[in-house]
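Participant:
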Amino acid sequence: MSNFIYPPLDAEKLDHATFLPEYNTPAMDHSRRNMNDAADIEKQSTGNTTDNNVPLESTYSLLRKVAFLAAYFFLNLALTISNKAILGKAKYPWLLTTMHASITSFGCFMLLGSGHMKARRLSRQESLTVVAFSGLFALNIAMSNVSLAAVSIPLHQIMRSTCPVVTIAIYWLVYKRSYSKETYLSMIPLILGVGVATAGDYYCTLGGFLLTATGVVLAAIKTIATNRLVSNFSPMEVLLYMSPLAAAQCVVYAFAAGEVQRVRLDMAAGTYRTSEWKFFLGLLMNASTAFALNIVSFQTNKVAGALTISVCGNVKQALTIMLGVVLFSVPMGRMNIVGTLITVVGAAWFSKVELDNKKIRSTK
């Protein structure tokens, strides 16, 4: 459910974490403003690009982007399949998400304590930003779970597939960022493909539709917020400060949903025995995959951009259907195959457009 990244790990190992104090001089304030202006990671320039106005995304090599995107994609698929297997036996999505956030927090503190990462002291405003982001993270998961229970699964999937379009709309409304015509057109097969692949009975109440639509907007906002946040923090810093807060919030949701009480009853009834080592080994592997995905996903967002992350989500959604056939014997029809192929073609088209745009920017 970690729908839960980096070179920012220092090559040098430090004896202890380094905390950087905050200095505020007029010169440094001006410098910070310039850095924030330049930190627009996936901006597509429409005019001449100067050295002081090069999008941060353009500073990363194609090989590095492909490597992180590949790692993100396959870890995401692996965690989705693993989550499905675990939730099929233990239906506690909030406690599973709590475990993911807790393991991520533990891993970050281990890296911090061993000197493999640095963390700086946050200002009051930065602390409030991280708290707000952790709340957005937990709320996004909550809205997804609630809306999934209020509408049919096919409708939920097709509405979630519009996340890239919502991402573009938010960028345009809030940041006045526009994309090329080809980028807009490439969204059509991405959404159409998911719609065809997940075709089924579309039904919902008005309340369910509004909840799902709100969940889509929150998912897009979370992706963009992550992108903006890692422009000013290292991805590991974000995880270090955000994970404990997210874990605590998910525990509250778990209590509210009655999951904690159900676990107590199941344990008392002997549903989960310590002799079932395969299940607990699966939990350990699932948590490890979630930790790796959290790291990779934040860094991929920084390197590739929020829109690309949303597009990857659509491709994963379509390919998960095909993996379901192999791993869980889910029946798959001709429409599922055609829809998956359309989605993959749309992703390939989007990738080509992004590469062409980068070449154009590099020649200006």
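Using my numbering, you'd call the opening residue of the sequence shown number 418 and step up by one each time. C-beta atoms are modelled at their ideal positions from N, C-alpha and C, and glycine is treated no differently. Just so you know, these numbers come straight off a predicted model, no measurement behind them.
Rounding to the nearest angstrom, what Cα-Cα distance links Ser531 and Met516 in this structure?
Facilitator: Numbered from 1 along the sequence shown, position 114 holds the residue referred to as residue 531. Numbered from 1 along the sequence shown, position 99 holds the residue referred to as residue 516. Rounded to the nearest angstrom, the two C-alpha atoms are 22 angstroms apart.
Participant: I need the boundaries of the alpha helix (DSSP H) containing Phe490, first residue and last residue.
Facilitator: Looking up residue 490 in the sequence shown gives position 73. Residues Leu479 to Lys506.
Participant: Report yes or no: do three or more beta-carbon pairs, one from the stretch 562 to 574 and one from the stretch 714 to 725, lie closer than 8 angstroms?
Facilitator: At 8 angstroms Cβ cutoff, the stretches do not touch.
Participant: For Lys549, count neighbouring C-beta atoms within 10 Å of its own C-beta (all shown protein chains included) and say buried if the count is 16 or more, exposed if not.
Facilitator: Numbered from its first residue, the sequence shown carries residue 549 at position 132. One detail in the question is off: residue 549 reads as Ala in this sequence, not Lys. Classification for Ala549: exposed.
Participant: Taking the CB atoms as reference points, tell me whether Ser522 and Pro661 lie closer together than 8 angstroms.
Facilitator: Here residue 522 refers to the residue found at position 105 when the sequence shown is read from its first residue. Here residue 661 refers to the residue found at position 244 when the sequence shown is read from its first residue. Taking 8 angstroms as the Cβ cut-off, Ser522 and Pro661 qualify as a contacting pair.
Participant: Going along the chain, which residues of its own chain have a beta-carbon closer than 8 angstroms to the beta-carbon of Val655, five neighbours each way excluded?
Facilitator: Within the sequence shown, residue 655 is the residue found at index 238, counting from 1. Hits under 8 angstroms: Val547, Phe550, Thr643, Leu646, Val647 and Phe715.
Participant: For Thr629, which of Pro606, Thr688, Leu556 and Leu602 has the nearest alpha-carbon?
Facilitator: Here residue 629 corresponds to residue number 212 of the sequence shown, with the count starting at 1. Of the candidates Pro606, Thr688, Leu556 and Leu602, the one whose C-alpha sits nearest the C-alpha of Thr629 is Leu556.
Participant: With three or more C-beta pairs closer than 8 angstroms as the rule, is the stretch 674 to 682 touching the stretch 575 to 593?
Facilitator: Taking 8 angstroms as the limit for Cβ pairs, the verdict is that the stretch 674 to 682 does not touch the stretch 575 to 593.
Participant: Could you pull out every unbroken alpha helix (DSSP H) segment of at least 4 residues lying fully inside the stretch 640 to 721, listed in chain order?
Facilitator: For the stretch 640 to 721, whole alpha helix (DSSP H) runs of length 4 or above, ordered along the chain, are 652 to 673, 676 to 685 and 694 to 721.
Participant: Determine the extent of the alpha helix (DSSP H) in which Gly750 is found, giving its start and end residues.
Facilitator: For this step, residue 750 is matched to residue 333 along the sequence shown. It is not in any alpha helix (DSSP H) - Gly750 carries neither H nor E in the DSSP assignment.
Participant: Name the DSSP bridge partner or partners of Val369?
Facilitator: Because the chain is modelled from 418 through 781, residue 369 falls outside the range shown and cannot be assessed.
Participant: If I follow the unbroken alpha helix (DSSP H) through His573, where does it start and stop?
Facilitator: The residue given as residue 573 occupies position 156 in the sequence shown. Here the alpha helix (DSSP H) through His573 covers Ile570 to Arg577.
Participant: Can you check which of these residues, His533, Arg537 and Gly617, is closest to Gln574 by C-alpha distance?
Facilitator: The count along the sequence shown starts at 1 and reaches residue 574 at position 157. When only C-alpha atoms are compared, the closest one is Gly617.
Participant: Give me the Cβ distance between Gly370 and Ile503, rounded to the nearest whole Å; I'm assuming they're in contact under 8 angstroms.
Facilitator: Limits of the chain in this structure are 418 at one end and 781 at the other, which puts residue 370 out of reach.
Participant: Report buried or exposed for Phe708, applying the criterion of at least 16 other Cβ atoms within 10 angstroms of its Cβ.
Facilitator: Stepping through the sequence shown from its first residue, residue 708 is reached at position 291. Phe708 should be labelled buried.
Participant: Find out if the Cβ-Cβ distance for the pair Pro606, Val762 is shorter than 8 angstroms.
Facilitator: Reading the sequence shown from its first residue, position 189 is the one you call residue 606. Reading the sequence shown from its first residue, position 345 is the one you call residue 762. Contact flag set, yes.
Participant: Can the beta-carbon of Phe696 be found less than 8 angstroms from the beta-carbon of Lys506?
Facilitator: The residue labelled residue 696 in the question sits at position 279 within the sequence shown. The residue labelled residue 506 in the question sits at position 89 within the sequence shown. Result yes, Cβ atoms of Phe696 and Lys506 sit closer than 8 angstroms.
Participant: Checking the sheet assignment: what are the DSSP bridge partners for Cys621?
Facilitator: On the sequence shown, residue 621 is found 204 positions in, with the first residue counted as 1. In DSSP, Cys621 forms a bridge with Val568.
Participant: Just the Cα atoms here: how many angstroms apart are Asn562 and Cys525?
Facilitator: Here residue 562 refers to the residue found at position 145 when the sequence shown is read from its first residue. Here residue 525 refers to the residue found at position 108 when the sequence shown is read from its first residue. Between Asn562 and Cys525, the C-alpha separation is close to 27 angstroms.
Participant: Helix, strand or coil, according to DSSP, for His517 in the structure here?
Facilitator: Here residue 517 refers to the residue found at position 100 of the sequence shown. Helix.
Participant: Of the residues Val728, Met752 and Thr706, which one's Cα is nearest the Cα of Ile498?
Facilitator: Taking the sequence shown and counting its residues from 1, one reaches residue 498 at position 81. Cα-wise, what sits closest to Ile498 is Thr706.
Participant: Alpha carbon to alpha carbon, what distance is there between Ala673 and Arg577?
Facilitator: By 1-based counting over the sequence shown, the position of residue 577 is 160. By 1-based counting over the sequence shown, the position of residue 673 is 256. In a straight line, the C-alpha of Arg577 is about 25 angstroms away from that of Ala673.
Participant: Taking buried to mean at least 16 other C-beta atoms within 10 Å of its own C-beta, is Phe491 buried or exposed?
Facilitator: Residue mapping note: residue 491 aligns to position 74 of the sequence shown, counting from 1. Exposed.
Participant: In whole angstroms, what separates the C-alpha of Lys733 from that of Gly612?
Facilitator: As a working mapping, residue 733 is identified with position 316 in the sequence shown. As a working mapping, residue 612 is identified with position 195 in the sequence shown. Whole-angstrom Cα-Cα distance: 14 angstroms.
Participant: Cα separation between Pro424 and Thr688?
Facilitator: For the purposes of this step, residue 424 is taken as residue 7 along the sequence shown, with counting starting at 1. For the purposes of this step, residue 688 is taken as residue 271 along the sequence shown, with counting starting at 1. Low confidence applies here, because Pro424 scores a pLDDT of 37, under 50, leaving its location unreliable; read the following figure in that light. Using only the alpha carbons, I get a separation of about 43 angstroms.
Participant: Under 8 angstroms Cβ to Cβ from Glu771, same chain only, skipping five residues before and after it: list those, please.
Facilitator: To locate residue 771, count along the sequence shown from 1; it is residue 354. Same-chain partners within the cutoff: Thr600 and Thr725.
Participant: When the distance is taken between beta carbons, is Ala664 closer than 8 angstroms to Ser544?
Facilitator: In the sequence shown, residue 544 corresponds to position 127, counting from 1. In the sequence shown, residue 664 corresponds to position 247, counting from 1. Result no, Cβ atoms of Ser544 and Ala664 do not sit closer than 8 angstroms.
Participant: Give every residue of the same chain whose Cβ lies closer than 7 angstroms to the Cβ of Asn493, excluding the five residues on either side of it in the sequence, and list them in chain order.
Facilitator: Walking along the sequence shown from the start, residue 493 turns up at place 76. If we look at Asn493 and ignore the five residues flanking it on each side, its Cβ neighbours are Leu710 and Lys733.
Participant: Look at the Cβ atom of Met560, then the Cβ atom of Leu635, and state whether they are nearer than 8 angstroms.
Facilitator: Position 143 of the sequence shown, counted from the start, is the residue given in the question as residue 560. Position 218 of the sequence shown, counted from the start, is the residue given in the question as residue 635. Result yes, Cβ atoms of Met560 and Leu635 sit closer than 8 angstroms.
Participant: Less than 7 angstroms between C-beta atoms, sequence neighbours within five positions excluded: which residues of the same chain meet that for Ala704?
Facilitator: Walking along the sequence shown from the start, residue 704 turns up at place 287. Answer for Ala704: Met516, His517 and Ile520, listed in chain order.
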